[in-house]
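2 protein chains.
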Amino acid sequence: MSENGAAVRNTRQRSAVSALLGEMEGFHSAQDLHAMLRQRGERVGLTTVYRTLQGLADAGEIDVMRPPGGEHLYRRCSEGHHHHLVCRACGRTVEVAGPAVESWADRVAEQHGYADVSHTLEIFGTCPACVR
Amino acid sequence: MSENGAAVRNTRQRSAVSALLGEMEGFHSAQDLHAMLRQRGERVGLTTVYRTLQGLADAGEIDVMRPPGGEHLYRRCSEGHHHHLVCRACGRTVEVAGPAVESWADRVAEQHGYADVSHTLEIFGTCPACVR
DNA sequence: GCGTTTTTGACAATCATTATCGTTGCCACG
DNA sequence: CGTGGCAACGATAATGATTGTCAAAAACGC
Numbered sequence: 001m002s003e004n005g006a007a008v009r010n011t012r013q014r015s016a017v018s019a020l021l022g023e024m025e026g027f028h029s030a031q032d033l034h035a036m037l038r039q040r041g042e043r044v045g046l047t048t049v050y051r052t053l054q055g056l057a058d059a060g061e062i063d064v065m066r067p068p069g070g071e072h073l074y075r076r077c078s079e080g081h082h083h084h085l086v087c088r089a090c091g092r093t094v095e096v097a098g099p100a101v102e103s104w105a106d107r108v109a110e111q112h113g114y115a116d117v118s119h120t121l122e123i124f125g126t127c128p129a130c131v132r
Numbered sequence: 001m002s003e004n005g006a007a008v009r010n011t012r013q014r015s016a017v018s019a020l021l022g023e024m025e026g027f028h029s030a031q032d033l034h035a036m037l038r039q040r041g042e043r044v045g046l047t048t049v050y051r052t053l054q055g056l057a058d059a060g061e062i063d064v065m066r067p068p069g070g071e072h073l074y075r076r077c078s079e080g081h082h083h084h085l086v087c088r089a090c091g092r093t094v095e096v097a098g099p100a101v102e103s104w105a106d107r108v109a110e111q112h113g114y115a116d117v118s119h120t121l122e123i124f125g126t127c128p129a130c131v132r
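As they're listed, the protein sequences go chains A and B.
So for the first sequence, our numbering puts the first residue at 1; every next one is plus one.
So for the second sequence, our numbering puts the first residue at 1; every next one is plus one.
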């Protein structure tokens, strides 16, 4: 029996995924990460990669982005809340913080009586290198 | 020869989809809309519904939202740029405008040299009726 | 070490969206 | 008014990422 159900175990696969994310720059899809782990010789199932990523996302350790195109992209981000400026062409990403936006969103939501507020914001553009 | 390549033809199906969206409140998935058209006796293919919605979205006549859950939701919105405050529980939606956010996003993007800027913003919360 | 419980992982299932491709109907021009 | 080109249509198949399943393996507490 026991009382708490939060028994998160420390497994080789979980470490591998987490470590890989630590070294990567930019966003990668679950399938990308799975392929990379395979190349390194890590034996990890695709299912596990998905589960691990979801777990990390729930724990707030990584960010998830759903670009128009279907695939979910994951990335280890600096902690705290922030948003992303993504290049349409090359995918280059810049983290941006917008305290003003945060408070604006909260304020608007509360004005309408909405509670437990969260939001998603992505900015898309063409980066300097790709403009030419 | 010719001047504009916008040879958009005026078809029964396009009108039907557009008209239906005009009467609907809130967001609906492509498959929803297709089912409703069928119920009305309109004979429209699912493929065409998707194509038409994409066309309308490109033309800026409707809004697309990609909620966590996979389905794309479409809605005829008041013209102009705005965002949505969506209830997690019941889906009730409020349109909100945030000029400050718009300009902030543009400014941030330009500071980083990004051109041709757009953005997506959704606010999620629990509406008053669902809080209890 | 031992038993319990979580986690893993191969595979199948799901399901929205997209591609295909022959057919249909709109539109413009003769 | 008739005709031809060309885009739109639509049924079906294909795609492809994500989720469910469940027996086997591994971790943790003792």
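Virtual Cβ for every residue (Gly too), placed ideally from N, Cα, C.
(message) For A:T93, which residues in the same chain have their Cβ closer than 6 Å to its Cβ, ignoring the five residues on either side in sequence?
(response) G26, H84, V86
(message) Can you tell me which residues form a DSSP beta bridge with B:T126?
(response) A:A115
(message) Taking 8 Å as the cut-off, does the region 98-106 of chain A touch the region 51-71 of chain A (at least 3 CB pairs, one atom from each stretch)?
(response) no
(message) Going by DSSP, what residue range makes up the alpha helix (DSSP H) through A:R51?
(response) 46-58
(request) Note down the Cα distance separating B:E95 from B:S118, rounded to an integer number of angstroms. (result) 18 Å
(message) By DSSP's criteria, A:D63 is part of a beta bridge. Which residues make up the other side?
(response) Partner residues in the beta bridge of A:D63, as assigned by DSSP, are A:R75.
(request) Given a cut-off of 8 Å, decide if A:C90 and A:C127 are closer than it, judged by their beta-carbon atoms. (result) yes
(request) Inspect the beta-carbon positions of B:V49 and B:L33 and report whether they are closer than 8 Å. (result) Yes, the Cβ-Cβ distance between B:V49 and B:L33 is below 8 Å.
(message) Residues in the same chain with beta-carbon distance under 7 Å from B:E71, minus the five sequence neighbours each way, listed in chain order, please.
(response) S29
(request) With 7 Å as the C-beta to C-beta threshold (strictly closer), list the residues of the region 102-126 of chain B near chain A in chain order. (result) W104, A105, V108, A109, H112, G113, Y114, A115, D116, V117, S118, H119, T120, L121, E122, I123, F124, G125, T126
(message) Beta carbons nearer than 8 Å to chain B: which residues of the region 46-75 of chain A have them?
(response) R66, P68
(request) Answer with buried or exposed for A:A129, where buried requires no fewer than 16 other C-beta atoms within 10 angstroms of its C-beta. (result) By the 16-neighbour rule on beta-carbons within 10 angstroms, A:A129 is exposed.
(request) Note the first and the last residue of the continuous beta strand (DSSP E) segment covering A:V8. (result) Unbroken run through A:V8: none, as it is neither H nor E.
(message) Residues of the region 82-97 of chain A in Cβ contact with chain B at a cutoff of 8 Å, in chain order, please.
(response) L85, C87, R88, V94, V96
(message) Using CA atoms only, rank isn't needed, just tell me which of B:T52, B:G125, B:V108 is closest to B:A19.
(response) B:T52
(request) Check the DSSP bridge columns for B:S29 and list the partner residues they point to. (result) B:L73
(request) Determine the DSSP secondary structure at B:E110, reduced to helix, strand or coil. (result) helix
(message) When you compare the CB positions of A:G69 and B:A109, do they come within less than 8 Å of one another, or not?
(response) no
(request) Please report how far the alpha carbon of A:R38 lies from the alpha carbon of A:V44, in whole angstroms. (result) 7 Å
(message) Looking at chain B, is there any beta carbon in it that lies within less than 8 Å of the beta carbon of A:A100?
(response) yes
(request) With 8 Å as the threshold, decide whether the Cβ of B:V131 is near any Cβ in chain A. (result) yes
(request) Output the distance between the C-alpha atoms of A:A16 and A:R75, rounded to the nearest integer angstrom. (result) 14 Å
(request) Return helix, strand or coil for B:E42, following the three-state DSSP convention. (result) coil
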